[in-house]
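Q: For what it's worth, full-length UniProt numbering labels the leading residue of the sequence shown as 1, then goes sequentially.
Yeah, the Cβ is synthetic: ideal placement off N, Cα and C, and Gly gets one too.
Since we're looking at a predicted model, the values are computed, not measured.
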Amino acid sequence: MTSSPIFQNHKQKLSPVWPHFTQIEVSHAKGSYLFDSRNQPYLDFTSGIGVTNIGHCHPRVVQAIQRQAERLIHGQATVVYHQPMLDLVTELEKVLPTHLNSFFFANSGSEAVESALKLARQATKKTNIIAFQGGYHGRTVGAMSLTTAKTIYRSHYQPLMPGVHIAPYPDPFRYRGVSPEDLSEWCLQELQHLLRTQTSPEETAAMIIEPILGEGGYVVPPKNFLPRLKEICEQHGILLILDEIQTGFGRTGKFFAYEHFGVEPDILLIAKGLASGMPLSGVVANRRWMNHWQKGSHGGTYGGNALSCAAAAETLRVIHDERLLAKAKTAGDRLMNRLRDTAKYCSYLGEIRGLGLMIGCEFVDYLNYSKQYIAERVRKECLKKRLILLTCGTENHVIRWIPPLNITPQQVEEAVNIFEWALDHALK
Ligand code: PMP
Numbered sequence: 001m002t003s004s005p006i007f008q009n010h011k012q013k014l015s016p017v018w019p020h021f022t023q024i025e026v027s028h029a030k031g032s033y034l035f036d037s038r039n040q041p042y043l044d045f046t047s048g049i050g051v052t053n054i055g056h057c058h059p060r061v062v063q064a065i066q067r068q069a070e071r072l073i074h075g076q077a078t079v080v081y082h083q084p085m086l087d088l089v090t091e092l093e094k095v096l097p098t099h100l101n102s103f104f105f106a107n108s109g110s111e112a113v114e115s116a117l118k119l120a121r122q123a124t125k126k127t128n129i130i131a132f133q134g135g136y137h138g139r140t141v142g143a144m145s146l147t148t149a150k151t152i153y154r155s156h157y158q159p160l161m162p163g164v165h166i167a168p169y170p171d172p173f174r175y176r177g178v179s180p181e182d183l184s185e186w187c188l189q190e191l192q193h194l195l196r197t198q199t200s201p202e203e204t205a206a207m208i209i210e211p212i213l214g215e216g217g218y219v220v221p222p223k224n225f226l227p228r229l230k231e232i233c234e235q236h237g238i239l240l241i242l243d244e245i246q247t248g249f250g251r252t253g254k255f256f257a258y259e260h261f262g263v264e265p266d267i268l269l270i271a272k273g274l275a276s277g278m279p280l281s282g283v284v285a286n287r288r289w290m291n292h293w294q295k296g297s298h299g300g301t302y303g304g305n306a307l308s309c310a311a312a313a314e315t316l317r318v319i320h321d322e323r324l325l326a327k328a329k330t331a332g333d334r335l336m337n338r339l340r341d342t343a344k345y346c347s348y349l350g351e352i353r354g355l356g357l358m359i360g361c362e363f364v365d366y367l368n369y370s371k372q373y374i375a376e377r378v379r380k381e382c383l384k385k386r387l388i389l390l391t392c393g394t395e396n397h398v399i400r401w402i403p404p405l406n407i408t409p410q411q412v413e414e415a416v417n418i419f420e421w422a423l424d425h426a427l428k
């Protein structure tokens with residue numbers, strides 16, 4: 001699979017903290033494919049973990065980066081204003097509600113989360129944060145303190161940031177047997193209890209939540225959960241931060257996942273699909289809140305980098321011009337239907353769920369095999385046939401499907417055929 005001498009010599013020198021789910025030595029990429037050093041194509045159903053939503057190296061984005069590189073690479077955001085950032089604001093405004101009218105840019109999702117924590121604290125003059133069970137918000141200390149998707153993300157890094165409280169997230173498959181509405185109601189009651197017993201509304205600045213759990217297992221909450229959560233936030237003067245870092249930019253068939261639930265955040269976090277692989281993230285809020293953020297009290301050298309902003313503005317135009325939301329919905333329906341048909345004949349596939357092209361296949365224990373063992377075996381069998389998939393979920397027991405939004409029907413068919421083959425071979 002891999003070959004070059006430099007790869008053999010140097011791969012040991014990279015920190016083992018990166019798990020490396022494949023041994024592919026990637027040479028280049030185009031659309032839905034990665035190519036290794038022997039020019040073998042791999043069907044990439046990970047999109048670089050939900051980043052290359054419009055496909056790898058989209059020609060319009062490549063050109064936008066090239067053009068921008070000739071004009072200005074670094075225009076430091078606290079020193080000057082630069083055109084790509086202003087263009088990006090114009091493009092974002094087209095897809096956001098009017099109250100989300102003030103923008104801060106950083107480099108990574110984790111940084112956006114950190115920024116939102118700081119903004120929420122200064123804007124509300126309150127300290128505490130409520131996050132939700134199974135959530136993933138990043139690896140920096142603040143973001144990690146909000147992350148409960150798996151213990152590996154937090155273990156042996158203590159002490160974490162104080163003032164964080166965790167409320168339950170309704171995971172209907174985990175609590176199958178209870179109706180989704182009852183589960184949602186129970187979670188909300190627990191949340192209210194938390195506000196009475198651990199962190200009062202007077203000291204709670206914000207709640208942060210993913211509208212669909214990402215790393216935590218591609219869990220879609222019952223329809224009424226987010227609207228009721230928003231009501232509770234409003235009732236208590238607590239800001240609602242939606243982390244759309246993985247769910248945004250057409251991933252779920254709508255521009256942002258909150259549109260499925262009829263809920264708008266006070267603070268919106270964006271990254272990943274925003275800039276097609278260039279490092280960029282953003283915090284979007286109403287100017288009323290941003291005005292409380294003390295000038296100079298937050299920032300960074302590279303945040304809102306000119307190349308990244310140019311890539312992002314063009315990415316947004318491509319999503320619009322190529323009607324990628326509609327394509328994601330159609331391709332997502334096709335993929336979901338095929339996977340659900342497959343699941344009918346497979347004793348270890350428990351549930352297929354998701355929205356648009358954010359689809360999770362949850363495995364269940366079977367005979368003597370654990371669900372995480374089966375998921376990993378299936379993933380590895382797919383890799384043998386050059387289909388790249390990733391797992392997620394608390395026990396890595398969910399295979400997630402996050403192809404580019406412009407994935408073709410043939411590529412969907414090819415991927416599901418490989419998956420079916422892998423299901424047949426995984427336990428042999
Ligand atoms: N929030 C969510 C929902 C994410 O999925 C991720 C990344 N997987 C992050 C935050 C952190 O982003 P980054 O890795 O860019 O720091």
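Would the C-beta of Glu114 count as close to the ligand PMP, meaning under 7 Å from any of its heavy atoms?
A: Answer for Glu114: no, Cβ out of range of the ligand PMP.
Q: Can you tell me where the alpha helix (DSSP H) with Phe261 in it begins and where it stops?
A: Per DSSP, Phe261 belongs to the alpha helix (DSSP H) from 258–261.
Q: Taking contact to mean at least 3 C-beta pairs separated by less than 8 Å, is the region 159–176 in contact with the region 214–227?
A: yes
Q: So, using beta-carbon positions, are Ile238 and Pro201 closer together than 8 Å?
A: yes
Q: State whether the region 401–413 contacts the region 43–56, with contact taken as three or more CB pairs (one from each stretch) at a distance under 8 Å.
A: Enough Cβ pairs lie closer than 8 Å, so yes.
Q: Give me the residue from Asn9, Arg377, Gly31 with the minimum Cα distance to Glu25.
A: Asn9
Q: For the ligand PMP, any of its heavy atoms closer than 7 Å to the Cβ of Ala275?
A: no
Q: Report yes if the CB atom of Leu274 is closer than 8 Å to the CB atom of Ala328, and no otherwise.
A: no
Q: Thinking Leu73 and Ala306 are a contact (beta carbons under 8 Å), I'd like their distance in whole angstroms, please.
A: According to the sequence provided, residue 73 is Ile. The question's Leu does not apply to it. Indeed they touch by this definition, with Cβ atoms about 6 Å apart.
Q: Between the alpha carbons of Thr78 and Ser184, how many angstroms are there, rounded?
A: If you draw a straight line from the Cα of Thr78 to the Cα of Ser184, it comes to about 44 Å.
Q: Beta carbon of Tyr366: closer than 7 Å to some heavy atom of the ligand PMP?
A: no
Q: Rounded to a whole number of angstroms, what is the C-alpha to C-alpha distance between His236 and Leu242?
A: 17 Å
Q: Indicate the three-state DSSP secondary structure (helix, strand or coil) for Lys385 in the structure shown.
A: coil
Q: Taking the alpha-carbon of Glu376 as reference, which of Asn107, Lys30, Leu355, Arg400 has the nearest alpha-carbon?
A: By alpha-carbon distance to Glu376, the top candidate from Asn107, Lys30, Leu355, Arg400 is Arg400.
Q: What whole-angstrom Cβ distance do Cys361 and Val398 have, given they're in contact under 8 Å?
A: Your pair Cys361 and Val398 checks out as a contact, with CB atoms roughly 6 Å apart and the cut at 8 Å.
Q: First and last residue of the beta strand (DSSP E) that includes Phe249?
A: That residue, Phe249, is in no beta strand (DSSP E); it is neither H nor E in DSSP.
Q: Quick one: residues in its chain with C-beta nearer than 7 Å to the C-beta of Gly262, no 5 flanking neighbours on either side, listed in chain order?
A: Pro227
Q: Among Ala69, Cys187, Glu210, whose alpha-carbon lies nearest the alpha-carbon of Ala149?
A: Closest option to Ala149, Cα to Cα, is Glu210.
Q: How many whole angstroms separate the CB atoms of Gly135 and Val113, which I take to be in contact at a CB cut-off of 8 Å?
A: By a beta-carbon distance limit of 8 Å, Gly135 does not contact Val113. Their separation comes to about 10 Å.
Q: Within a Cβ cutoff of 6 Å, which residues of the same chain sit near Ile352, ignoring the five residues on either side of it in sequence?
A: Shown here for Ile352: same chain residues with a beta carbon closer than 6 Å to its own, the five before and five after excluded, namely Leu339, Arg340, Ala343, Cys361 in chain order.
Q: Does DSSP put Glu362 in a helix, in a strand, or in coil?
A: strand
Q: In angstroms, rounded to a whole number, what distance separates the CA positions of Gly332 and Asn128?
A: Straight-line Cα distance between these residues: approximately 38 Å.
Q: Please classify Asp321: is it buried, with 16 or more other beta-carbons within 10 angstroms of its beta-carbon, or exposed?
A: exposed
Q: Residues in the same chain with beta-carbon distance under 6 Å from Phe225, minus the five sequence neighbours each way, listed in chain order, please.
A: Pro170, Ser184
Q: So Ile130 packs on Met207, CB below 8 Å; how close in whole Å?
A: 4 Å
Q: What does DSSP give as the partner residue(s) for Asp44 in the beta ladder?
A: Ile388
Q: What separation, rounded to the nearest whole angstrom, lies between the Cα atoms of Gly350 and Lys385?
A: 24 Å
Q: Quick check: is any heavy atom of the ligand PMP less than 7 Å from the C-beta of Ile166?
A: no
Q: Hey, could you find the ends of the alpha helix (DSSP H) Glu413 is sitting in?
A: Where Glu413 is concerned, the enclosing alpha helix (DSSP H) stretches over 409–425.
Q: For the ligand PMP, I want to know if Arg71 counts as a neighbour, meaning its beta carbon is within less than 7 Å of at least one of the ligand's heavy atoms.
A: no
Q: Kindly indicate which three-state DSSP category Asp87 falls into: helix, strand or coil?
A: helix
Q: Have a look at Leu43 and Val164 and give me their C-alpha separation to the nearest angstrom.
A: Their Cα atoms are separated by approximately 40 Å.
Q: Tell me, which residues are paired with Tyr157 by DSSP?
A: Tyr157 is not bridged to any residue.
Q: Kindly examine the ligand PMP and report whether one of its heavy atoms sits closer than 7 Å to the Cβ of Gly214.
A: At least one heavy atom of the ligand PMP is nearer than 7 Å to the Cβ of Gly214, so yes.
Q: What are the boundary residues of the beta strand (DSSP E) that Glu234 is part of?
A: Membership of Glu234 in any beta strand (DSSP E) is not indicated; the residue belongs instead to the alpha helix (DSSP H) covering 225–236.
Q: Cutting at 7 Å between CB atoms, please list the residues of its own chain near Thr22, excluding the five before and the five after it.
A: Leu383, Ile388
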